[in-house]
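Chains as they are written, first to last, in my numbering: chain A, 64 to 246; chain B, 6 to 203. Every residue gets a Cβ at the ideal spot worked out from N, C-alpha and C, and that includes glycine. Values in this document were obtained by computation on a predicted structure and should not be read as measured data.
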């Protein structure tokens with residue numbers, strides 16, 4: 064969607080137009096779902112949190128600055144929501160690894176190629192989900208949302224050095240896990 | 006120790022890959038990488054982690070969530086409106102009850118006198134009701150007077166009306182406080198549908 068068209072829609076949402084919000088949701092639901100899936104590691108939970116994230120975003124839309132792009136704001140909100148959900152649900156949550164194929168039918172690769180690619184993707188997801196929540200969250204914000212260190216510190220409400228440390232440790236751990244997987 | 010044998014820390018290499026080094030730091034790292042195979046190897050290890058993260062495709066969402074979210078928000082809006090009006094009416098009701106009870110208590114102060122003078126029960130009730138009605142009338146007049154004076158004070162610099170508060174002011178104040186409390190409550194804690202399982 065063109066940015067000006069999106070801004071016009073968000074202006075309407077700010078005035079309480081739910082049909083306009085429906086159009087915004089359709090544009091962003093997939094990317095928000097992917098954020099939730101990477102952080103939570105479970106498809107059903109990720110769908111639930113995607114819904115919750117859009118509900119929250121609607122209630123906070125008055126604080127959204129129209130001069131900034133909506134996507135990063137929405138996805139950071141969703142990532143934070145999932146992170147807080149993990150912290151709250153830590154004791155009674157059973158992490159479920161949902162390992163569906165990331166690629167289905169694609170004539171480019173052939174059945175064996177598809178199998179191989181799916182195995183590689185599954186290995187990366189497994190490794191990500193084995194990381195501690197804060198490290199996984201730091202990777203999400205940096206690699207998938209493209210936030211700077213400063214923006215990450217603000218999003219997570221943590222000191223800059225702490226965030227940096229989580230990010231570095233997360234990458235190191237991820238490298239080790241992926242190397243173990245390859246052996 | 007030779008400068009070339011001091012390797013760049015992995016943390017610094019990550020900062021380099023994140024493009025968060027200042028100009029001087031960036032130059033140092035690049036010069037060192039140009040002559041240190043060991044650090045280049047570590048850099049390549051980190052780059053492969055970056056590449057593998059980037060290789061993850063976007064997963065498909067199997068159903069459209071927009072209709073269900075918009076429906077939930079519409080229901081929430083209706084519910085909020087319903088709660089708002091319920092609280093407004095409750096506040097007004099409470100205010101009216103308070104406004105009516107205060108004159109009733111005042112009129113009731115006549116009862117001991119009536120009993121002590123051994124007035125007939127029927128006559129006593131009549132006197133009590135007359136007192137009650139006249140108290141309400143007096144307060145109604147007081148309300149009108151207060152409102153008139155308040156309205157006047159808005160357009161002049163004369164003193165605001167002083168003296169007793171009319172019960173009708175109490176009614177309005179109770180309703181106002183109810184409205185304000187309701188507004189604050191709904192803003193700070195929006196009603197959300199909790200239909201998902203956590």
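Leaving out five residues on either side along the sequence, give the residues of the same chain with a beta carbon under 6 Å from the beta carbon of residue i.
| i | result |
| --- | --- |
| residue 124 of chain A | 76 and 77 |
| residue 244 of chain A | 186 |
| residue 21 of chain B | 34 |
| residue 215 of chain A | 204 and 226 |
| residue 149 of chain A | 196 |
Since residue i and residue j should fall inside the 8 Å C-beta cutoff, what is the C-beta to C-beta distance between them, to a whole number of angstroms?
| i | j | result |
| --- | --- | --- |
| residue 18 of chain B | residue 47 of chain B | 6 Å |
| residue 110 of chain A | residue 78 of chain B | Actually they are not in contact, since the Cβ atoms of residue 110 of chain A and residue 78 of chain B sit about 17 Å apart, beyond 8 Å. |
| residue 102 of chain A | residue 189 of chain A | So it is not a contact: roughly 14 Å between Cβ atoms. |
| residue 98 of chain A | residue 131 of chain A | No, residue 98 of chain A and residue 131 of chain A are not in contact; Cβ-Cβ is about 17 Å, not under 8 Å. |
| residue 203 of chain A | residue 120 of chain A | Rounded, the Cβ-Cβ distance is 17 Å, inconsistent with contact. |
| residue 84 of chain B | residue 183 of chain B | Not confirmed; about 18 Å, so no contact. |
| residue 145 of chain A | residue 112 of chain A | 5 Å |
| residue 177 of chain A | residue 237 of chain A | Not really, about 24 Å apart at Cβ, beyond 8 Å. |
| residue 16 of chain B | residue 212 of chain A | Not quite, the Cβ-Cβ distance comes to about 12 Å (not below 8 Å), so this is no contact. |
| residue 240 of chain A | residue 57 of chain B | Going by Cβ atoms, the distance from residue 240 of chain A to residue 57 of chain B rounds to 11 Å, so no, they are not a contact pair. |
| residue 186 of chain B | residue 97 of chain B | The Cβ separation is near 14 Å, so there is no contact. |
| residue 60 of chain B | residue 12 of chain B | Residue 60 of chain B to residue 12 of chain B, Cβ: 28 Å. No contact. |
| residue 75 of chain B | residue 84 of chain A | 6 Å |
For residue i and chain A, any beta-carbon pair shorter than 8 Å?
| i | result |
| --- | --- |
| residue 201 of chain B | Residue placement at residue 201 of chain B is flagged as unreliable, the pLDDT there being 40, under the threshold of 50; the coordinate-derived value follows with that caveat. Interface residue, yes. |
| residue 52 of chain B | no |
| residue 58 of chain B | yes |
| residue 4 of chain B | Outside the modelled stretch of chain B, which goes from 6 to 203, sits residue 4 of chain B, for which no answer is possible. |
| residue 45 of chain B | no |
| residue 136 of chain B | no |
| residue 15 of chain B | yes |
| residue 74 of chain B | yes |
| residue 71 of chain B | yes |
| residue 184 of chain B | no |
| residue 197 of chain B | Model confidence at residue 197 of chain B stands at a pLDDT of 48, short of 50, so the residue's coordinates are unreliable and nothing is read from them. |
| residue 33 of chain B | no |
| residue 49 of chain B | no |
| residue 85 of chain B | no |
| residue 139 of chain B | no |
Measure from the C-beta of residue i to each C-beta in chain B and report whether the shortest distance is under 8 Å.
| i | result |
| --- | --- |
| residue 238 of chain A | yes |
| residue 198 of chain A | no |
| residue 96 of chain A | yes |
| residue 229 of chain A | no |
| residue 88 of chain A | yes |
| residue 93 of chain A | yes |
| residue 133 of chain A | no |
| residue 147 of chain A | no |
| residue 173 of chain A | no |
| residue 69 of chain A | no |
| residue 178 of chain A | no |
| residue 113 of chain A | yes |
| residue 214 of chain A | no |
| residue 187 of chain A | yes |
| residue 182 of chain A | no |
What residues from chain C crowd round residue i, counting only those whose CB sits closer than 9 Å?
| i | result |
| --- | --- |
| residue 28 of chain B | Any reference to chain C falls outside this structure, whose protein chains are A and B. |
Leaving aside the five residues before and after residue i along the sequence, list all residues of the same chain whose C-beta is less than 7 Å from its C-beta, in chain order.
| i | result |
| --- | --- |
| residue 109 of chain B | 137 |
| residue 122 of chain A | none |
| residue 219 of chain A | 200 and 226 |
| residue 70 of chain A | 129 |
| residue 162 of chain B | A caution first: residue 162 of chain B carries a pLDDT of 49, below 50, which makes its placement in the model unreliable, though a value can still be read off. Nothing meets the Cβ criterion. |
| residue 115 of chain A | 144 |
Can you say whether residue i is buried or exposed, counting buried as having 16 or more other CB atoms within 10 angstroms of its CB?
| i | result |
| --- | --- |
| residue 197 of chain A | buried |
| residue 64 of chain B | buried |
| residue 229 of chain A | buried |
| residue 223 of chain A | exposed |
| residue 151 of chain B | buried |
| residue 247 of chain A | Missing from the structure shown is residue 247 of chain A; chain A here goes from 64 to 246 and no further. |
| residue 104 of chain A | buried |
| residue 86 of chain B | exposed |
| residue 106 of chain B | exposed |
Looking only at its chain, what residues have a beta carbon closer than 8 Å to the beta carbon of residue i, apart from the 5 residues adjacent to it on each side?
| i | result |
| --- | --- |
| residue 92 of chain A | 113 and 117 |
| residue 146 of chain B | none |
| residue 87 of chain A | 69, 72, 73, 76 and 133 |
| residue 53 of chain B | none |
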